[in-house]
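Counted the way the numbering used here counts, the sequence shown spans residues 52 to 485.
Using N, Cα and C, we set each Cβ at its ideal position, and we do this for glycine too.
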Amino acid sequence: VRRLLGEKAVAAAKAVKYEGAGTVEFIMDDETQQFYFMEMNTRLQVEHPVTEMITNTDLVQWQLEVAAGNRLPKLQNEIVCTGHAFEARIYAENPENGFLPDTGRLVHLATPQPSSDVRVETGVQTGDVISVYYDPMIAKLVVRGEDRQAALRVLRKALAEYEIVGLHTNIGFLRRLAESPDFIAAKVETGFINKHLDELFPPVAQPSAESIVQAALAHVIDSSTKAALSTHGGLASPWAAIDSFRLNAFGSQTTTLAYGDHQYTAKVRVVGNGMYSVCVTSKSGDKIAEFHNVQPLWEPLPGGVGSTSAGGHLRALLNDRLCASNVVFNDKDSSITVFDQGRVAVFKVPVPQYFDDAGAASPGSVTAPMSCKIVQVMVEPGAEVEQNAPLVVLEAMKMEHVIKAPKAGKIASVYYKVGDLVEEGKNLVAFENE
């Protein structure tokens, strides 16, 4: 099949006297073993690193050589394929919301360590913004192994090492996909996702007690350090040290953390000599876990503003388990993300009710499902609309989305005009109260 695909691709290029790099796409019927021509792209495709990984070639260099009038570095019969490769596109999108693209600042970005079998192609770093103007791809993660199974093991490990905070990504979805038995067995076709919805979109599992404790410890340490910075002369002051010398900072501190519909309370108490005890309870007051003589080691992550950071690396022995995690704070949504050796847990620090109410959406309003640009406004105040009537057309990541009326009614307000940039969750259109 590989030989036939190559012959047909070359024949198609010769038929139009094409010279240069090009990619010919076919679709395969696995049952009949027949393949069909789809299209030819007159360029290298985004997947070309897969070919490079298994052929030990540099196709970009080859493209430039041919454009300069030089011969190809190798002929077809000189190319040897070795091993198996995968490319995972790391996207700013929300798989749980129909894979809608997302935008925002990369509060934290850590990639797997590159090697001969792991390749990360990216053009962004911590602090950069993924905007509405470009494709939402953050990076290409390309891996190689001796065979499909080995390559998938490398892919799963690399995805577990990927850390992003600041916007939604498809990393969790890719991890579940790479663990799917049918995907591992190469039983993949165009309806794969719909046939495996329960497997690819499982109910959200509750966080471990260790994750809750790490989030609480990080929150307490960060809050105390910031307080010391503002009142006691900076990090050089003994008041900023994470040990029992800081007796007046707090004897104990209680942190409330929300995880989905669940809420947890962690009481952190100083016991001396750099030791803490932590008791975790549920919203109803039931004790979940208790940890004694916890001695956390905290190292701020790079990339912060001034002398503070967006988080830190936390090491602590929790009931005989050594936890070594990156804990990242995101002020935009008051979240704390714990990356603990492949496990990821995202907690929210509840804001005061009066503040939450002040930012709530107006009753009867239609909000932006993602950060976007307004390309068309189809209603005006006073207009009567039917349910499912188009209201606004949005553009995000080179795609247009039509926002439709959730009900019949009269338009009270239209908040934006064509060309405006809108953040996710902002009110677009408001209906008059019935």
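8 Å Cβ cutoff met for residue 466 and residue 445: As a first step, residue 466 must be located in the sequence shown, where it is residue number 415. As a first step, residue 445 must be located in the sequence shown, where it is residue number 394. The answer is no: Cβ separation not under 8 Å.
Pick from 473, 420, 433, 429 that is closest to residue 484, judged by C-alpha positions: As a position in the sequence shown, residue 484 is number 433, starting the count at 1. Nearest of 473, 420, 433, 429 to residue 484, Cα basis: 433.
Unbroken alpha helix (DSSP H) run spanning residue 490, endpoints: Residue 490 lies beyond the stretch modelled for the chain, which goes from 52 to 485, so this question has no answer here.
Three-state secondary structure (DSSP) of residue 59: Sequence index remark: in the sequence shown, residue 59 carries index 8 (1-based). In the structure shown, residue 59 sits in a helix (DSSP, three-state: H, G or I).
Distance, residue 222 Cα to residue 194 Cα: Against the sequence shown, residue 194 aligns to sequence position 143. Against the sequence shown, residue 222 aligns to sequence position 171. Roughly 15 Å separates the two Cα atoms.
Short Cβ contact (8 Å threshold) for residue 144 with residue 247: Here residue 144 is taken as the residue at index 93 of the sequence shown, counted from 1. Here residue 247 is taken as the residue at index 196 of the sequence shown, counted from 1. No; because the gap between Cβ atoms is not below 8 Å, this pair is not in contact.
Closest residue to residue 377 among 369, 352, 123 (Cα-Cα distance): As a working mapping, residue 377 is identified with position 326 in the sequence shown. Here the closest residue by C-alpha is 352.
Helix, strand or coil at residue 148 [DSSP, three-state]: Stepping through the sequence shown from its first residue, residue 148 is reached at position 97. If DSSP states are grouped into helix, strand and coil, residue 148 belongs with the helices.
Counterpart residues of residue 482 in DSSP-defined beta bridges: Taking the first residue of the sequence shown as position 1, residue 482 is located at position 431. 462.
Among 66, 132, 86, nearest to residue 56 - alpha-carbon criterion: For the purposes of this step, residue 56 is taken as residue 5 along the sequence shown, with counting starting at 1. It is 86.
Cβ-Cβ distance between residue 308 and residue 267 below 8 Å: Working through the sequence shown from its first residue, we reach residue 308 at position 257. Working through the sequence shown from its first residue, we reach residue 267 at position 216. Contact flag set, yes.
Own chain, CB closer than 6 Å to residue 304, minus 5 neighbours either side, in chain order: Locating residue 304 in the sequence shown gives position 253, where the first residue counts as 1. 271, 319, listed in sequence order.
Supposed close pair residue 426, residue 469 - CB separation, criterion 8 Å: Here residue 426 corresponds to residue number 375 of the sequence shown, with the count starting at 1. Here residue 469 corresponds to residue number 418 of the sequence shown, with the count starting at 1. Indeed, because the Cβ distance is near 6 Å, the residues count as touching under 8 Å.
Cα-Cα separation, residue 164 to residue 440: Taking the sequence shown and counting its residues from 1, the one referred to as residue 164 is at position 113. Taking the sequence shown and counting its residues from 1, the one referred to as residue 440 is at position 389. Cα to Cα, the separation comes out at about 50 Å.
Three or more C-beta pairs below 8 Å linking the region 105-125 and the region 182-192: no
CB contact flag (residue 139, residue 203, <8 Å): Here residue 139 refers to the residue found at position 88 when the sequence shown is read from its first residue. Here residue 203 refers to the residue found at position 152 when the sequence shown is read from its first residue. Not in contact: residue 139 and residue 203 (Cβ atoms no closer than 8 Å).
Best match in 361, 454, 393 for proximity to residue 421 [C-alpha to C-alpha]: On the sequence shown, residue 421 is found 370 positions in, with the first residue counted as 1. Nearest C-alpha to residue 421: 454.
Three-state secondary structure (DSSP) of residue 70: By 1-based counting over the sequence shown, the position of residue 70 is 19. Here residue 70 sits in coil by DSSP.
Range of the contiguous alpha helix (DSSP H) that encloses residue 224: For the purposes of this step, residue 224 is taken as the residue at position 173 of the sequence shown. Here the alpha helix (DSSP H) through residue 224 covers 222-230.
Counterpart residues of residue 305 in DSSP-defined beta bridges: Counting from 1 along the sequence shown, the entry for residue 305 is found at position 254. Per DSSP, 318.
Residue 170 versus residue 141: straight-line alpha-carbon distance, rounded: If you number the sequence shown from 1, residue 170 lands on position 119. If you number the sequence shown from 1, residue 141 lands on position 90. Cα to Cα, the separation comes out at about 13 Å.
Three-state secondary structure assigned by DSSP to residue 400: As a working mapping, residue 400 is identified with position 349 in the sequence shown. DSSP places residue 400 in coil when its eight states are reduced to three.
First and last residue of the uninterrupted beta strand (DSSP E) at residue 107: Position 56 of the sequence shown, counted from the start, is the residue given in the question as residue 107. Neither: residue 107 is in no beta strand (DSSP E) and is coded neither H nor E.
CA-to-CA distance, residue 242 to residue 149, given in whole angstroms: The count along the sequence shown starts at 1 and reaches residue 149 at position 98. The count along the sequence shown starts at 1 and reaches residue 242 at position 191. Near 15 Å, if we compare the C-alpha coordinates of residue 242 and residue 149.
Residue 117 (DSSP reduced to helix, strand or coil): Along the sequence shown, one-based indexing puts residue 117 at 66. It is helical.
Continuous alpha helix (DSSP H) stretch holding residue 130: start and end: Against the sequence shown, residue 130 aligns to sequence position 79. Careful: residue 130 lies outside any alpha helix (DSSP H) and carries neither H nor E.
Residue 216 and residue 388 closer than 8 Å at C-beta: Here residue 216 corresponds to residue number 165 of the sequence shown, with the count starting at 1. Here residue 388 corresponds to residue number 337 of the sequence shown, with the count starting at 1. Their beta carbons are under 8 Å apart, which means residue 216 touches residue 388 by this criterion.
Identified DSSP bridge partners for residue 181: Within the sequence shown, numbered from 1, the residue matching residue 181 stands at position 130. DSSP lists 155 as partners of residue 181.
Nearest-angstrom beta carbon gap, residue 207 and residue 229 [assumed within contact, 8 Å]: Reading the sequence shown from its first residue, position 178 is the one you call residue 229. Reading the sequence shown from its first residue, position 156 is the one you call residue 207. With 8 Å as the limit, residue 229 and residue 207 qualify as a contact, their Cβ atoms being about 5 Å apart.
Proximity of residue 419 and residue 438 at Cβ, strictly below 8 Å: Position 368 of the sequence shown, counting from 1, holds the residue named residue 419. Position 387 of the sequence shown, counting from 1, holds the residue named residue 438. For residue 419 and residue 438, no; Cβs fall outside 8 Å.
Residue 392 versus 235, 265, 130, residue with shortest Cα-Cα distance: For this step, residue 392 is matched to residue 341 along the sequence shown. Of the listed residues, the one whose Cα sits closest to residue 392 is 265.
Spatial distance of residue 231 from residue 69 (CA atoms): Within the sequence shown, the letter at position 180 stands for residue 231. Within the sequence shown, the letter at position 18 stands for residue 69. Looking at the two C-alpha atoms, the distance is approximately 40 Å.
Where residue 351 falls: helix, strand or coil (DSSP): Within the sequence shown, residue 351 is the residue found at index 300, counting from 1. Correct three-state label for residue 351: strand.
Three-state class that DSSP yields for residue 112 in the structure shown: Numbered from 1 along the sequence shown, position 61 holds the residue referred to as residue 112. Helix, per DSSP.
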